[in-house]
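The block underneath contains the structure these notes are about, expressed in C-alpha cells.
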Amino acid sequence: MCGIVGYTGSKAAGEILIDGLKKLEYRGYDSAGLAMQAEHKLIINKAAGSVADLEKRIEGQFDHITVGIGHTRWATHGKPTDINAHPHCSCCEEFALVHNGIIENHQSLRNWLTEKGNHSFTSETDTEVLAHLVEEYYNGDLLAAVRQAVARVEGSYALVVITAHEPGRIVCARQDSPLVVGMGENENFIASDIPALLAYTRKIKVLEDGEFASVSAAEINIFDAHGNGIDKEMLEVSWDIEAAEKGGYDHFMLKEIMEQPAAVRETMRQRINFADKKVDLSEIELSYEEIAALEKIHIVACGTAYHAGLVGKTVLEKLTALPVEVDVASEFRYRDPLLGKNDLVIVISQSGETADTLAALRLARKQGLKVLAITNVVGSSVSREADLVLYTWAGPEIAVASTKAYLTQLVALYLLAVHFGTARGVLGENSITSLVEGLTTLPGHLAAILREEKTGKLRSYCEHLAKWDNAFFVGRNLDFPVAMEGALKLKEISYIHAEAYAAGELKHGPLALIVEGVPVIALVTQKSVIEKTLSNIQEVNARGGAVFAITSEGFDVVDDQVESVFHLPPVEEILAPVLSAVPTQLIAYYTALIRGSSIDKPRNLAKSVTVE
Ligand code: F6R
Numbered sequence: 015m016c017g018i019v020g021y022t023g024s025k026a027a028g029e030i031l032i033d034g035l036k037k038l039e040y041r042g043y044d045s046a047g048l049a050m051q052a053e054h055k056l057i058i059n060k061a062a063g064s065v066a067d068l069e070k071r072i073e074g075q076f077d078h079i080t081v082g083i084g085h086t087r088w089a090t091h092g093k094p095t096d097i098n099a100h101p102h103c104s105c106c107e108e109f110a111l112v113h114n115g116i117i118e119n120h121q122s123l124r125n126w127l128t129e130k131g132n133h134s135f136t137s138e139t140d141t142e143v144l145a146h147l148v149e150e151y152y153n154g155d156l157l158a159a160v161r162q163a164v165a166r167v168e169g170s171y172a173l174v175v176i177t178a179h180e181p182g183r184i185v186c187a188r189q190d191s192p193l194v195v196g197m198g199e200n201e202n203f204i205a206s207d208i209p210a211l212l213a214y215t216r217k218i219k220v221l222e223d224g225e226f227a228s229v230s231a232a233e234i235n236i237f238d239a240h241g242n243g244i245d246k247e248m249l250e251v252s253w254d255i256e257a258a259e260k261g262g263y264d265h266f267m268l269k270e271i272m273e274q275p276a277a278v279r280e281t282m283r284q285r286i287n288f289a290d291k292k293v294d295l296s297e298i299e300l301s302y303e304e305i306a307a308l309e310k311i312h313i314v315a316c317g318t319a320y321h322a323g324l325v326g327k328t329v330l331e332k333l334t335a336l337p338v339e340v341d342v343a344s345e346f347r348y349r350d351p352l353l354g355k356n357d358l359v360i361v362i363s364q365s366g367e368t369a370d371t372l373a374a375l376r377l378a379r380k381q382g383l384k385v386l387a388i389t390n391v392v393g394s395s396v397s398r399e400a401d402l403v404l405y406t407w408a409g410p411e412i413a414v415a416s417t418k419a420y421l422t423q424l425v426a427l428y429l430l431a432v433h434f435g436t437a438r439g440v441l442g443e444n445s446i447t448s449l450v451e452g453l454t455t456l457p458g459h460l461a462a463i464l465r466e467e468k469t470g471k472l473r474s475y476c477e478h479l480a481k482w483d484n485a486f487f488v489g490r491n492l493d494f495p496v497a498m499e500g501a502l503k504l505k506e507i508s509y510i511h512a513e514a515y516a517a518g519e520l521k522h523g524p525l526a527l528i529v530e531g532v533p534v535i536a537l538v539t540q541k542s543v544i545e546k547t548l549s550n551i552q553e554v555n556a557r558g559g560a561v562f563a564i565t566s567e568g569f570d571v572v573d574d575q576v577e578s579v580f581h582l583p584p585v586e587e588i589l590a591p592v593l594s595a596v597p598t599q600l601i602a603y604y605t606a607l608i609r610g611s612s613i614d615k616p617r618n619l620a621k622s623v624t625v626e
C-alpha cells in the first residue's frame, strides 16, 4: 500500500522521482525516501514525514545523478520511523530497494541470514530482508540475484532494486502488487501506479505476477519466472494529466465530488443506446442463455464498494429476479460460502488491487465459478484475473475517501441489472425504457444537486454536526445502504463516530443514545416506506434529536417533521441512491473542513489496501 517510482536516463533523477512520489502520496504518506546511483556508490535519503520534507532535504544537492528509485510508505511491518522508511539497503549499502507488499516468511529468512554471520539488520521491516538476500546472491548480475532472492520469498511484492555495481540499471519484480514500466526517449520510468508517469510518458508496459524487468535508459527487457524474455505489448494511456491533479479545488475529494456528473455520464456512454432506449453491455461476454441459466449472484467487496454492493443487491433482485448475497471480502473466504455451479460472483473494487477482494475472486474461480469484476483501473490485478470486466469510467480517484468511484459503481450495477433483467425476460419493454430514461437523467440531476448545495443549506447543518462526536444515519430499504455509506464517509474524514441504522431498528437499542441535539441524518427517498420512516423520525424528535432529512422533491410531508431538509430532484425511487449519496458526501466534506481534519489523507487510512 505504498508508492514506488524509478528513473534511469540523463536528467536529474531526484526531481523526477520526487514529482512521481507526490502523485503517489495517496498510496502511503508516513515516510518517504530515495536511493540514487552515484559513481560507485549509492546515496540514500529517507525519513519519516512527507515527500515535501524529503524534497527540501535533497534540494539542489544531487542534480548530477540520473538514476534512482523512490518510495512513499504506509506502515505495515514496523512503525513509521526514519529507519523503517524505504529504500532499504544491504549491509554494505551497495544494494538498495523499494518494496510494496508483505514478505510473510521474513522472520525465517532473517534468522537464516543472521546465522550465516555476515548480515546485520537495522530496521523492523519485512522488506529489509530482501536487500540482504539480493546481496547474498549477487554474483555480478543484479537480475539473477533478484530472481534468486524472490524465489525464497513467500508473500507479495512490487520490488525495484539498484546496485552500485551496475550503473544505469534498475531491476524490478512483481507478485501480487502492481508495477508498470514507462517508456521514454533515452530514458525509462518505473512506478507502482500510472499517475506517477503521466507527466513524462503515456507508453507503458504492465508487469504481470512472476515477471521481472531489467531497465536502462536505452532498453526495457522483461522476463518470466524462468528467465525467458517476454515480448510485452505496449499500452497507450489516455488519461488526461489534469485529471490526476486537483484542478483548482482545495481538496481532491471536493474535486472528485464535483466530477460526478461527468463520471456517471462517462460510465453510461457507449453502454446506453439513447435512440432505442436500451442498455448494450455486449462488452460482457455472457450470452443471454448463460445469463438466463444463472441461479444466484454473490457480490463481494470492501468498504465503500461493499455499500455499492448492498444497493446492487436490492436492484439486481428487483430487476433480474435472481437471489443476491453480499459479503464483505475479508469475511467471504473464511465462511466457506456455498457457491453453486450456476452462480455468478461479482467483485467490486475501485483500485482493483484490494487484497481481500482479490482473494475472494481467486477463491470463486478456484471453485469453477465465473467472476465478473466492476473496477476503475484498467490493467489492475482484479481486472486481469476476472473472467469478465465492467469498468467504471470514473478516472483516477486520489482522495482516500471514495466518492465518484462509488457513484459509478452504482451506475455499473444498474446497467448490469437492466442487461440481466432483459436477458432473463424479467423486464418488459416499458420498464426497460423507463429505467433507461431515468438513468439518462442522472448526470443532469447530479449537476443540479451540486448547484443547490451552493445555497449553503448543507454547510449550516454541518456547523451543528461538527460540534458533536457522535452522529446517526438512518434509512429504510434502498436508503439504508446509502445511510451506511454516509456514516462511513463522515467517520473517515471528520473522525466523528457515525453509525448507520435501518430506521426501524432505532427503537431496538440506539434510541437510548438520542438526547437533545444529537445529529441524525435521515434518508427519505423510498415512497413505499415513507410513513414508516417518518414515524422513526418522530421517535428521534421526541427525544430532542436534530434531524437533517435528505429527501426527494415532492415528499413535502417530510419538511414539517425535521429541523432542516435537502431536496433531491425527482427520480424513480430505485435510482435515488445515486442522487442521495451526494449530500452525504458533502456533509462529510464540510464537517471535516470545519473540524480542520486532513481531508484527502485521513489518519491511519490509505487509498489502496493491498494487504490483508
Ligand atoms: C472508503 C473507501 C474504502 C474502499 C475500500 C475498497 O471511502 O474508499 O472503504 O472502498 O478500501 O477499496 P477498493 O474499491 O479499491 O477495493
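Here our numbering is used: the first residue of the sequence shown is 15, the next is one more, and so on. Beta carbons: idealized from backbone N, C-alpha and C, even for Gly.
- The ligand F6R has no heavy atom closer than 8 Å to the beta-carbon of E345.
- Bounds of any beta strand (DSSP E) do not take in S137, whose DSSP letter is neither H nor E.
- No heavy atom of the ligand F6R is found nearer than 8 Å to the CB of L377.
- The segment 143 to 218 contains, as complete beta strand (DSSP E) runs of 3+ residues, the segments 171 to 177, 184 to 189, 194 to 197, 202 to 205 (chain order).
- In the same chain as S578, and ignoring 5 residues on each side of it, the C-beta atoms closer than 6 Å to its own belong to Y475, F562, in chain order.
- The residues I117, H120, L123, R124, L127, F135, in chain order, have a CB closer than 8 Å to that of V143 in the same chain once the five nearest residues on each side in sequence are set aside.
- Residue pairing from DSSP places S566 in a beta bridge opposite L582.
- Judged by DSSP in its simplified three-state form, E225 adopts strand.
- Between A205 and V392, the C-beta spacing is not below 9 Å.
- For S416, the distance from the CB to the nearest heavy atom of the ligand F6R is below 8 Å.
- Taking the Cβ of T422 as the reference point, every heavy atom of the ligand F6R lies at 8 Å or farther away.
- In the DSSP assignment, G47 falls outside any alpha helix (DSSP H) and within the unbroken beta strand (DSSP E) covering 45 to 52.
- Scanning its chain for C-beta atoms nearer than 7 Å, with the 5 sequence neighbours on each side dropped, one finds around E250 the residues R216, K217, in chain order.
- Counting C-beta pairs closer than 8 Å gives three or more between the segment 515 to 531 and the segment 549 to 562, which meets the contact rule.
- V185 sits buried, since 16 or more C-beta atoms from the chains shown fall within 10 Å of its C-beta.
- Distance from the CA of E247 to the CA of G198, rounded to the nearest whole angstrom, comes to 15 Å.
- In terms of Cβ geometry, G326 and V314 do not form a close pair [threshold 9 Å].
- Look at N618 here: in three-state DSSP terms it is coil, with no helix or strand label.
- For G20, the three-state secondary structure derived from DSSP is strand.
- Look at D573 here: in three-state DSSP terms it is helix.
- DSSP places Y475 in the uninterrupted alpha helix (DSSP H) bounded by 471 to 479.
- In this structure, S137 has its CB at a distance of at least 8 Å from all heavy atoms of the ligand F6R.
- The segment 242 to 320 contains, as complete beta strand (DSSP E) runs of 3+ residues, the segments 310 to 315 (chain order).
- CA-CA distance, W253 to V414, rounds to 19 Å.
- The three-state reading of DSSP puts K332 in helix, counting H, G and I together.
- Assignment of A462 by DSSP, reduced to helix, strand and coil, places it in the helix class.
- Placement of the Cβ of I608 at a distance of 8 Å or more from every heavy atom of the ligand F6R is found.
- For A387, the enclosing beta strand (DSSP E) stretches over residues 384 to 389.
- Residues K291 of the same chain have their beta carbon placed closer than 8 Å to that of T447, with the five preceding and five following residues left out of the count.
- In the structure shown, the three-state DSSP call for L607 is helix.
- Annotation for T128: the continuous alpha helix (DSSP H) segment containing it runs 120 to 130.
- In the DSSP assignment, I117 falls outside any beta strand (DSSP E) and carries neither an H nor an E.
- Only residues of its own chain outside the window of five on either side were considered, and among them L427, Y428, A431, I588 have a CB closer than 7 Å to the CB of V329, listed in chain order.
- Apart from the 5 residues on each side of it in sequence, S137 sits with its Cβ closer than 7 Å to the Cβ of G92, I97, N98, H102 in its chain, given in chain order.
- Separation of the CB atoms of Q274 and L38 is rounded to 24 Å, and the pair is thereby denied contact status at 8 Å.
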